[in-house]
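Colleague: Could you have a look at this structure, given as structure tokens, before my questions?
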Amino acid sequence: MKLTKISLVFALLLCAFILSVILYGFFKVNPRYVLELFSDKEFLSSVVFGLKTSVTATLLSAVFGIPTGFFLARSDTFISKGLDSFFDIPLIIPPLVVGALLLTFFNAPFVKTFYSFIFTTAGAIIAQFFVAFPFSVKASKNAFELISPVYERIAMTLGASNFSSFYDTTFKLAFNGILSGLVLTWLRSLGEFGATLMVGGGISYKTANIPINIYLKMTEGNFNKGLAASVFVVLFSFIAVVAIKSFFKKPKNL
Amino acid sequence: MNMIDINIKKKLGSFDISMVFKLHSLKCVIFGASGSGKSSLLKMIAGFYNPDRGFIKINRREFFSSNNKTALSIQARNVGYLPQEYTLFPNMSVEENIRYGLKKKGLKDTLGVKDIAKRFGIFHCLDKYPGEISGGQRQRAALARALVVKPDIMLLDEPFSALDRPIREELRELVADVASSFSIPVLFVTHDLEEAFVFGDEIVIVKDGLVMEFGDKSKIFNTPSFVETAKLLDFANIWRIKKAKRGFVELANGIKLNIEGLTDEAKFCCIKPENIMILRKDTDISDKENKIDVKIERINFRGRYVNLVTSTKNNTAVSINIPEHILSKMSLSVGSYITVSLKKESIIFCKEFAV
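In order, the protein sequence lines correspond to chains A and B. For the first sequence, the numbering used here assigns the number 1 to the initial residue and increments by one for each residue that follows. For the second sequence, the numbering used here assigns the number 255 to the initial residue and increments by one for each residue that follows.
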């Protein structure tokens with residue numbers, strides 16, 4: 001009981017720190033600048049670009065991350081353990097370094113002749129995917145690990161095909177955990193700056209996402225506009241996460 | 255006629271399973287300690303994984319044969335499988351769970367899901383989710399789900415171990431009723447001796463991945479052939495034979511007994527604790543056979559009976575089970591000396607198991 005109370009103090013301190021930073025930004029922002037954002041074509045273009053690239057990067061992460069997470073959860077081999085640690089690498093490397101490495105890779109002759117990724121939307125998507133997909137892998141792995149394979153086997157004894165037994169039981173039971181990972185992946189992609197800037201070039205109206213747009217506003221001396229865009233991003237992300245979580249709310253009986 | 259015909263070999267890491275047995279009854283029990291390979295056997299019958307060699311035949315249908323290179327898929331085996339945990343799908347209601355197999359197999363509800371639910375006492379739970387009902391109700395529903403698709407065999411892997419005794423007994427009766435009413439053979443895995451004794455008509459005794467004995471339950475329970483089986487079946491008094499003559503044995507611990515039915519291969523003398531009779535000192539005991547004087551070292555209360563741990567003069571432990579009221583009636587306490595009688599017909603002889 002005493003330990004719970006002590007740990008609550010730490011939790012509240014953490015909460016106070018985050019809230020003070022965010023709320024001070026809200027306090028300082030001029031609402032006029034927030035409203036002006038809706039007529040700021042450069043900003044709106046960065047929102048569209050950010051949404052397009054982050055959603056695509058998240059979909060790619062789902063396609064590759066969910067099966068990978070399933071493999072890591074179900075396999076107990078040297079390979080799976082090695083891969084589990086290997087997929088931490090994108091989380092460890094600073095995004096700017098990821099950008100530099102991707103830039104070098106995309107400049108390699110065998111890639112360049114195939115497709116020119118540099119300063120393109122595709123390049124930005126790959127950069128965001130590289131940085132954010134581990135969240136999908138880790139969350140899927142953790143979610144699948146909580147579900148016993150016995151459910152699938154029982155479903156098979158009841159006539160379900162191999163895929164159907166997986167989908168009807170394991171996937172549906174793990175879905176909320178997987179979804180949390182995908183939400184994190186999306187938020188990470190949406191807020192990605194370093195790698196996207198290096199690979200995409202941060203070209204206004206073309207390859208600048210929201211953080212790059214904010215950065216450009218700030219470096220151009222438009223501090224108030226930059227702050228307004230930051231406040232907008234915080235509100236938008238918060239509303240989006242709450243909406244997604246409520247839509248896929250875990251049933252009480254599970 | 256029902257027939258479970260198994261002859262398999264499987265290596266699971268460093269654990270070897272080698273099992274050969276045939277059963278013909280509707281109610282069969284696989285009995286053994288935890289980690290003896292019982293559950294692995296059931297999983298191989300269900301097709302969760304296959305043996306390395308051998309065959310599995312259920313009602314003359316070949317589920318697996320290494321010689322014929324047959325290995326039916328889980329779906330094609332048509333087995334009902336009920337484990338101890340993770341039985342019902344938590345994301346479906348009880349009714350959805352029960353109907354799942356019918357939907358997947360494209361079968362008509364010939365047995366009537368609602369009727370089965372009524373019979374199993376879970377009709378009122380049909381709309382509920384597994385997380386909202388009790389463990390006993392969950393197992394009833396899982397049993398109903400397995401039954402409605404009319405499996406060729408029901409494989410029950412310690413399904414009631416986590417439940418309270420009265421519910422366990424009720425469910426055991428329900429399974430026995432299902433086996434008889436629907437003529438579905440049931441293979442019931444358990445490590446609980448009482449459960450094994452009550453449920454099955456035939457039994458397979460498993461130890462360290464090997465089948466010790468199989469066949470008629472009463473015969474094996476009363477006269478096991480091997481000392482390893484005797485130990486599993488609660489023959490707490492197992493003594494090595496030193497010398498044997500006609501109608502007489504001298505044991506390694508010095509005890510001499512008059513006996514009957516000794517075979518040449520017998521290496522051990524075994525007697526169940528409940529078959530040892532305490533003789534009253536105030537009565538004539540001269541006609542009683544195989545009398546031994548022992549001292550009570552410890553009294554263990556086991557609920558339904560009392561276990562006396564006693565020792566002879568030369569420190570041979572003798573375990574005796576008596577009803578609790580005898581304890582006070584005969585004024586037995588730790589340190590008391592008593593005379594016990596080992597009836598000839600209660601003494602059985604066992605050989606050692608050799609692979």
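Don't be surprised by glycine CBs; every beta carbon is placed ideally from N, CA and C.
For K362 of chain B, decide whether its Cβ has a neighbour in chain A, counting only Cβ atoms nearer than 7 Å.
Modeller: It does not; no Cβ of chain A falls within 7 Å.
Colleague: Based on the DSSP secondary-structure assignment, which residues constitute the bridge partners of A571 of chain B?
Modeller: B:S565, per the DSSP bridge assignment.
Colleague: Is it the case that the Cβ atoms of V150 of chain A and P337 of chain B are separated by a distance below 7 Å?
Modeller: Yes, Cβ-Cβ distance for V150 of chain A and P337 of chain B is below 7 Å.
Colleague: Helix, strand or coil, according to DSSP, for M257 of chain B in the structure here?
Modeller: M257 of chain B: coil per DSSP, three-state reduction.
Colleague: CA-CA distance, S75 of chain A and V594 of chain B?
Modeller: Rounded to whole angstroms, S75 of chain A to V594 of chain B spans 59 Å at the Cα level.
Colleague: Are the Cβ atoms of K521 of chain B and E424 of chain B separated by less than 7 Å?
Modeller: Against a cut-off of 7 Å, the Cβ pair of E424 of chain B and K521 of chain B comes out as no contact.
Colleague: Count the other CB atoms, across all protein chains shown, that sit within 10 Å of the CB of N345 of chain B; report buried if there are 16 or more and exposed otherwise.
Modeller: Result: buried.
Colleague: With a cut-off of 7 Å, does the C-beta of Y151 of chain A fall near any C-beta of chain B?
Modeller: So, interface residue.
Colleague: Please confirm whether N30 of chain A and N224 of chain A have their CB atoms less than 7 Å apart.
Modeller: Yes, the Cβ-Cβ distance between N30 of chain A and N224 of chain A is below 7 Å.
Colleague: Tell me whether the beta-carbon of P384 of chain B lies closer than 7 Å to the beta-carbon of G334 of chain B.
Modeller: Result no, Cβ atoms of P384 of chain B and G334 of chain B do not sit closer than 7 Å.
Colleague: Can you give me the Cβ contacts of G508 of chain B inside the same chain, cut-off strictly under 6 Å, excluding the 5 residues immediately before and after it?
Modeller: Result list for G508 of chain B: N568, in chain order.
Colleague: Tell me which residues of the segment 406-435 of chain B have at least one Cβ-Cβ distance to chain A shorter than 7 Å, keeping chain order.
Modeller: Of all residues in the segment 406-435 of chain B, none has a Cβ within less than 7 Å of some Cβ in chain A.
Colleague: Run through chain B and tell me which residues come within less than 7 Å of I154 of chain A, C-beta to C-beta.
Modeller: By Cβ distance, chain B contributes Y335.
Colleague: Find the nearest neighbour of V21 of chain A within the set A:D88, A:V231, A:F105, judged by alpha-carbon distance.
Modeller: For the residues A:D88, A:V231, A:F105, the minimum Cα distance to V21 of chain A belongs to A:V231.
Colleague: Can you tell me whether S434 of chain B is buried or exposed? The criterion is at least 16 other CB atoms within 10 Å of its CB, across all chains shown.
Modeller: Classification of S434 of chain B: exposed, given that the 10 Å Cβ count is below 16.
Colleague: Compare the C-beta of G355 of chain B against all C-beta atoms of chain A and say whether one is closer than 7 Å.
Modeller: Closer than 7 Å: yes.
Colleague: Just curious, the beta strand (DSSP E) that G286 of chain B is in, first and last residue?
Modeller: Where G286 of chain B is concerned, the enclosing beta strand (DSSP E) stretches over 281-286.
Colleague: For my contact list, M273 of chain B and V465 of chain B are in at a C-beta cut-off of 8 Å; report their separation, rounded to the angstrom.
Modeller: Right, the Cβ-Cβ distance comes to about 5 Å (below 8 Å), so this counts as a contact.
Colleague: Expressed to the nearest angstrom, what Euclidean distance is found between the alpha-carbon atoms of T255 of chain A and I376 of chain B?
Modeller: Nothing about residue 255 of chain A can be reported from this structure: the residues present for chain A run from 1 to 254 only.
Colleague: Tell me, which residues are paired with L227 of chain A by DSSP?
Modeller: In DSSP, L227 of chain A forms no bridge with anything.
Colleague: Considering only residues of the same chain and omitting the five flanking positions on each side of F87 of chain A, which have a CB-CB separation below 6 Å?
Modeller: Only P134, V137 meet the Cβ criterion.
Colleague: Along the alpha helix (DSSP H) that carries A396 of chain B, what are the first and last residues, could you check?
Modeller: 389-402 is the span of the alpha helix (DSSP H), which, as asked, contains A396 of chain B.
Colleague: Among B:I310, B:Y303, B:A287, B:T537, which one has its Cα closest to the Cα of L266 of chain B?
Modeller: It is B:Y303 whose Cα lies nearest to the Cα of L266 of chain B.
Colleague: At 3 residues or longer, and completely inside the segment 266-322 of chain B: list those beta strand (DSSP E) runs for me, N to C.
Modeller: Whole beta strand (DSSP E) segments, 3+ residues: 269-277, 281-286, 307-312, 315-319.
Colleague: Starting from the beta carbon of V403 of chain B, find every residue of chain A whose beta carbon is closer than 8 Å, and list them in chain order.
Modeller: Those are L158, G159, listed as they occur along chain A.
Colleague: Tell me which residues of the segment 157-181 of chain A have at least one Cβ-Cβ distance to chain C shorter than 8 Å, keeping chain order.
Modeller: The question asks about chain C, but that chain is absent: this structure's protein chains are A and B.
Colleague: Can you check which of these residues, B:F318, B:S288, B:K292, B:T483, is closest to G301 of chain B by C-alpha distance?
Modeller: Closest option to G301 of chain B, Cα to Cα, is B:F318.
Colleague: Sorted by chain position, which residues of the same chain lie with C-beta nearer than 6 Å to G65 of chain A's C-beta, five sequence neighbours on each side aside?
Modeller: Around G65 of chain A: F133, S136, V137, S140.
Colleague: Assuming G194 of chain A and P95 of chain A make a contact with CB atoms under 8 Å, what is their CB distance in whole Å?
Modeller: Between P95 of chain A and G194 of chain A the Cβ distance is about 3 Å, and since that is below 8 Å, they are a contact.
Colleague: Which residue's Cα is closest to the Cα of M584 of chain B: B:I260, B:R500, B:I550?
Modeller: M584 of chain B has its Cα closest to that of B:I550, out of B:I260, B:R500, B:I550.
Colleague: Which residues in chain B have a C-beta closer than 9 Å to the C-beta of S75 of chain A? List them in chain order.
Modeller: Going along chain B, no residue has its Cβ under 9 Å from S75 of chain A, so there is no contact; the nearest lies around 15 Å.
Colleague: Where does L596 of chain B sit, in a helix, a strand or coil, going by DSSP?
Modeller: It is a strand residue.
Colleague: Grouping DSSP H, G and I as helix and E and B as strand, with all else coil, what is N491 of chain B?
Modeller: In the structure shown, N491 of chain B sits in a strand (DSSP, three-state: E or B).
Colleague: Hey, how far is the Cα of L23 of chain A from the Cα of V111 of chain A?
Modeller: The straight-line gap from Cα to Cα measures roughly 46 Å.
Colleague: From which residue to which residue does the beta strand (DSSP E) around K358 of chain B run?
Modeller: K358 of chain B -> not in any beta strand (DSSP E); alpha helix (DSSP H) instead, spanning 348-359.
Colleague: Please report the straight-line C-alpha distance between A287 of chain B and Y340 of chain B, rounded to a whole angstrom.
Modeller: Distance between the alpha carbons of A287 of chain B and Y340 of chain B is about 22 Å.
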